[in-house]
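Note that UniProt numbering has the sequence shown beginning at 1, numbered continuously upward.
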Amino acid sequence: MIHYLFQSKKIQLLLLGMISLFLLAGCHEEGEQEIFLTEEERQWLEEKEGDISIGYTTDYPPVEFLQDGEYAGISADYFALLEKKLQIEIEMVQFDEWTALMDAARNREISGITAATKTPERSEYLNFTVPYIFNPNVIITRENFSEKLSFAKLENSSMDTLVVEEYSIIEYLEKNHSNLEYRTVATASDGLRKVSFGEADAMIIEVMSAAESIERDNITNLMVNTETPYESTLSIATRNDWPILNDIFNKGLAQISEAERREIRERWVPFDRRSIFENPYFWMTLVSVFILLIIAIIVVFLWNKTLQKAVTEKTLELEASKKKLMDQFAQLEVTEQKLLEEIEIRKASEEKIKYKSYHDDLTGLHNRAYYTEQIERLQKQNNMPLAIMMIDLNGLKITNDTLGHQEGDRLLVKAANIIKACCRSQDMAARIGGDEFVLILPEATEADTKGIARNIKQACKEAGDEPMVVSLAIGWAVRKNDQKSLLTLFEEAEDHMYQNKMNESENEKTGILFSMKKLLRDRAIETFEHSQRMQQWALKIGKALTLANQEQNALSKLAELHDIGMVGISKEILNKKEALTEEEWEKVKRHPSLGYKIVSSTPALRQVAEGVLAHHEHWDGKGYPQGLRGEEIPLLARIIAITDAYDVMTQDQPYQKAKSQEEAIQELKRCAGTQFDPELIRLFLSILQEAKGEQEKM
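(1) Let's see if you can read the secondary structure: which residues bound the beta strand (DSSP E) around T161?
(2) Roughly how many angstroms lie between the CA atoms of I110 and E70, to the nearest whole one?
(3) Put Y4 into one of helix, strand or coil per three-state DSSP.
(4) Only counting the same chain, and skipping five residues up and downstream in sequence, which positions put a Cβ closer than 6 Å to that of A416?
(5) So, for V413: in the same chain, excluding its five sequence neighbours on each side, which residues have a beta-carbon less than 7 Å away from its beta-carbon?
(6) Is the separation between the beta-carbon of T228 and that of V138 shorter than 8 Å?
(7) Going by DSSP in three states, T184 sits in which element: helix, strand or coil?
(8) Kindly confirm or deny that the stretch 451-471 and the stretch 367-383 touch, where touching means at least three C-beta pairs closer than 8 Å.
(9) Could you give the distance in angstroms between the alpha-carbon of I256 and the alpha-carbon of E40?
(10) Pair every Cβ in the stretch 48-60 with every Cβ in the stretch 78-89, then say whether three or more of these pairs are closer than 8 Å.
(11) Sort out for me which residues DSSP pairs F95 with in a bridge.
(12) Quick check on DSSP: helix, strand or coil for A152?
(13) Helix, strand or coil: which one does DSSP assign to Y71?
(14) Tell me, to the nearest whole angstrom, how far the beta carbon of D448 is from that of L441; I am working on the premise that it is less than 8 Å.
(15) So, using beta-carbon positions, are G595 and I639 closer together than 8 Å?
(16) What separation, rounded to the nearest whole angstrom, lies between the Cα atoms of H562 and R533?
(17) What does DSSP give as the partner residues of P442 in its beta bridges?
(18) First and last residue of the alpha helix (DSSP H) that includes L245?
(19) Hey, M384 and R479 are a contact pair by Cβ (cut 8 Å); roughly how many whole angstroms apart?
(20) DSSP three-state call for L126: helix, strand or coil?
(21) Could you check whether L340 and D392 sit closer than 8 Å to each other, using their CB atoms as the reference points?
(22) What's the gap between the Cα of T546 and the Cα of R670?
(23) Since residue 703 sits in a beta bridge, which residues does DSSP pair it with?
(24) Where does L154 land, buried or exposed, given buried means 16+ other C-beta within 10 angstroms?
(25) Hey, could you find the ends of the beta strand (DSSP E) E206 is sitting in?
(26) Taking the beta strand (DSSP E) that G112 falls in, what are its first and last residues?
(27) Would you mind giving the Cβ-Cβ distance between S196 and N225, rounded to the nearest angstrom? I have them listed as a contact below 8 Å.
(28) Three Cβ pairs or more, each shorter than 8 Å: is that satisfied between the stretch 68-84 and the stretch 139-148?
(29) Hey, how far is the Cα of L396 from the Cα of G404?
(30) Decide if S209 is buried, meaning its Cβ has at least 16 other Cβ atoms within 10 Å, or exposed.
(31) According to DSSP, is Y230 part of a helix, a strand, or is it coil?
(32) Counting Cβ pairs, one atom from each stretch, are 3 or more of them under 8 Å apart for the stretch 571-583 and the stretch 595-609?
(33) Could you check whether S178 and residue 742 sit closer than 8 Å to each other, using their CB atoms as the reference points?
(34) Whose C-alpha, out of K692, K175, G623, is nearest the C-alpha of K589?
(35) Where DSSP assigns a beta bridge to F301, which residues make up the other side?
(36) Can you give me the C-alpha to C-alpha distance between M497 and L386, rounded to a whole angstrom?
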């Protein structure tokens, strides 16, 4: 699907880019033409022979890139023609990153750039020729992202958005959308892979670069979410203290013939199909057939005239009238059929639009617009008793942050299905916010409403924990007379819902945490046994330090939950037998931060959450994610770091065999004072020695 979208867009937009070059050459005939340069321009070229250097990037296909180690692409072909037509040699300078190329141009280390967009900031040190490539910008997301985006929506969202550093779109965003937050990447390929792997949510990128990179890297899960109003117009940029070079390149571009441009276009943008109307022979054939048809009609007409001399004027009139009536009748039948078809199509379209305007795309429930309309209607009627029930889905943000928005959407759909199944036929269910639902219950007493709430709670318990347990906070209010407005009823239901959420908060969050732990064990079966062994060693250290009972309980819980953030890491990485790649290791290093988000959602585990965040910090400050050093690292985290490392070394792992106890002890000693607290290492080694002595006695 993404290939088809980009194939059609790439062809159309590159054709548009070529139009500017056709306009440059509009005043010339096809074929080679003699270059008209002034004497001053020729003399300048002779003086600068060997000094003209133009920079290009290696990762901007199909505009410019390396093919078998050689400079290739649209701009490469144009500069080959410019060298030939201007009868000069241009030194083409290779840059692997756009930022390095721009720095070189800014510092006048090169004479110009092959293809760049004119901006106010760049115009301070560069001149630009007439644009010769038009390259619109688009917003790329994963295919499972359902919302239509725009610059305005990105400004008001927390989405992780990427752009290529030093690209002209950055100046446009800073000027017109200053509240839009984004990160920069070195190349288009880097950014697209991050979006594909879920390390970012969206990327603003030129469509030609996106299409080429996606096809080259064989990325299959991305799509064009929307086209933006910003278009990158690419020109040849030259240092502005050499204005004559800009004039020379403009004249050189004007001398490139239409046939040469067509050859470049077809080389880098091949057409799978052409319209018959683009074929000149079609028009020649059509004109020939038309002329022959006219001649045949004239001959037949003259022949018929000679045969019909005996036919009276009245007969001609009757035949003409008959023909006219028959044509009108046939036209009437056709018009009637078309009208009926259009009515059916419009009716179906209106029904579809009406349905979408009143329903939530994700869950299939009614949306806020429909709910508001029903409230206004019911307000004018005397419907009593009538109940409003507010429902809030717990744990959606944690699910989105750790498992991804796709799993969050699954949780929303699961909750919506439970709510629909527990409603009566006359009830109306709507999703009115990200994690908020509302039920309008006509003719529902207090007992009826309580029964529906009880059924929903029971259904949640029976729904299982895939991907997470469904935890709903419910509140309601019943209107028994017309003294209470529906707005007041809604506010009472909402207050009760929040009160219910506060009362059940600890239990609900514990249930969410349990789901995360179960999911982690499903992904890596050794985690449970690993946590048990760590608890035993950690508690021995805690007792040796005479920690308070509360701290020992927190230490035990930290041993159990220290790797809870691993639920956000793919199963393939967790169980990989080979050594992790640098990219995979960076993903694994995110798990302390993810674990902190999960555990800190339960206020009673705040101390445990801080330990989860810091258990990979090093005594010398070279750990992650915060770079804490020494006693800045919480004591419980320092203890867990030692027991975690010891247990990992002495147990078989997917990527390495277990070390002996003596080998593990030597490694702990080696890392004391760098990775681990040296005092705690000495204490732990004495505990190991004591345990070894007890085993030998037995």
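Don't be surprised by glycine CBs; every beta carbon is placed ideally from N, CA and C. On a predicted model such as this, the values are computed, not experimentally measured, just so you know.
In short:
(1) Translated into the one-based positions of the sequence shown, residue 161 becomes position 161. First-last of the beta strand (DSSP E) with T161: 161-164.
(2) To locate residue 110, count along the sequence shown from 1; it is residue 110. To locate residue 70, count along the sequence shown from 1; it is residue 70. Here the C-alpha atom of I110 lies approximately 19 Å from the C-alpha atom of E70.
(3) The count along the sequence shown starts at 1 and reaches residue 4 at position 4. Summary for Y4: the model assigns pLDDT 44, below 50, so the residue's position carries little reliability; its value from the coordinates is reported in the next sentence. DSSP places Y4 in helix when its eight states are reduced to three.
(4) Here residue 416 corresponds to residue number 416 of the sequence shown, with the count starting at 1. Around A416: T363, L365.
(5) Stepping through the sequence shown from its first residue, residue 413 is reached at position 413. The answer, listed in chain order, is L362, T363.
(6) Reading the sequence shown from its first residue, position 228 is the one you call residue 228. Reading the sequence shown from its first residue, position 138 is the one you call residue 138. In contact: T228 and V138 (Cβ atoms closer than 8 Å).
(7) As a working mapping, residue 184 is identified with position 184 in the sequence shown. In this structure, T184 counts as strand in the three-state DSSP scheme.
(8) no
(9) For the purposes of this step, residue 256 is taken as residue 256 along the sequence shown, with counting starting at 1. For the purposes of this step, residue 40 is taken as residue 40 along the sequence shown, with counting starting at 1. So the two alpha carbons sit approximately 22 Å from each other.
(10) The stretch 48-60 makes contact with the stretch 78-89; the number of CB pairs closer than 8 Å reaches 3 or more.
(11) In the sequence shown, residue 95 corresponds to position 95, counting from 1. For F95, which the question treats as bridged, DSSP gives the partners T57.
(12) On the sequence shown, position 152 is the one that residue 152 refers to. DSSP places A152 in helix when its eight states are reduced to three.
(13) The sequence position of residue 71 within the sequence shown is 71, counting from 1. Of the three classes helix, strand and coil, the one that applies to Y71 here is strand, per DSSP.
(14) In the sequence shown, counting from the first residue as 1, residue 448 sits at position 448. In the sequence shown, counting from the first residue as 1, residue 441 sits at position 441. The pair is a contact, with the Cβ atoms about 7 Å apart (cut-off 8 Å).
(15) Locating residue 595 in the sequence shown gives position 595, where the first residue counts as 1. Locating residue 639 in the sequence shown gives position 639, where the first residue counts as 1. No.
(16) Against the sequence shown, residue 562 aligns to sequence position 562. Against the sequence shown, residue 533 aligns to sequence position 533. Between H562 and R533, the C-alpha separation is close to 13 Å.
(17) To locate residue 442, count along the sequence shown from 1; it is residue 442. Its beta-bridge partners are L386.
(18) Counted from its first residue, the sequence shown places residue 245 at position 245. Counting along the chain, the alpha helix (DSSP H) containing L245 begins and ends at 243-254.
(19) In the sequence shown, residue 384 corresponds to position 384, counting from 1. In the sequence shown, residue 479 corresponds to position 479, counting from 1. So it is a contact: roughly 6 Å between Cβ atoms.
(20) As a position in the sequence shown, residue 126 is number 126, starting the count at 1. Strand.
(21) Counted from its first residue, the sequence shown places residue 392 at position 392. Counted from its first residue, the sequence shown places residue 340 at position 340. No. Outside cutoff.
(22) Numbered from 1 along the sequence shown, position 546 holds the residue referred to as residue 546. Numbered from 1 along the sequence shown, position 670 holds the residue referred to as residue 670. Approximately 27 Å, taken between the alpha carbons.
(23) With the chain running from 1 to 698 in the structure shown, residue 703 is simply not present.
(24) Taking the sequence shown and counting its residues from 1, one reaches residue 154 at position 154. With 16 or more Cβ atoms within 10 Å of its Cβ, L154 is classed as buried.
(25) Locating residue 206 in the sequence shown gives position 206, where the first residue counts as 1. 202-206 is the extent of the beta strand (DSSP E) around E206.
(26) The count along the sequence shown starts at 1 and reaches residue 112 at position 112. 112-117 is the span of the beta strand (DSSP E), which, as asked, contains G112.
(27) Mapped onto the sequence shown, residue 196 falls at position 196. Mapped onto the sequence shown, residue 225 falls at position 225. With a Cβ gap of about 14 Å, S196 and N225 do not count as contacting.
(28) no
(29) Numbered from 1 along the sequence shown, position 396 holds the residue referred to as residue 396. Numbered from 1 along the sequence shown, position 404 holds the residue referred to as residue 404. Using only the alpha carbons, I get a separation of about 10 Å.
(30) Position 209 of the sequence shown, counted from the start, is the residue given in the question as residue 209. That one is buried.
(31) Reading the sequence shown from its first residue, position 230 is the one you call residue 230. Strand.
(32) Short answer: they don't touch.
(33) Residue 742 cannot be examined here, being either before or after the span of the chain that is shown, 1 to 698.
(34) If you number the sequence shown from 1, residue 589 lands on position 589. Checking every option, the nearest Cα to that of K589 belongs to G623.
(35) Your numbering for residue 301 matches position 301 in the sequence shown. F301 is bridged by DSSP to nothing; it lacks a bridge partner.
(36) To locate residue 497, count along the sequence shown from 1; it is residue 497. To locate residue 386, count along the sequence shown from 1; it is residue 386. One C-alpha to the other measures close to 17 Å.
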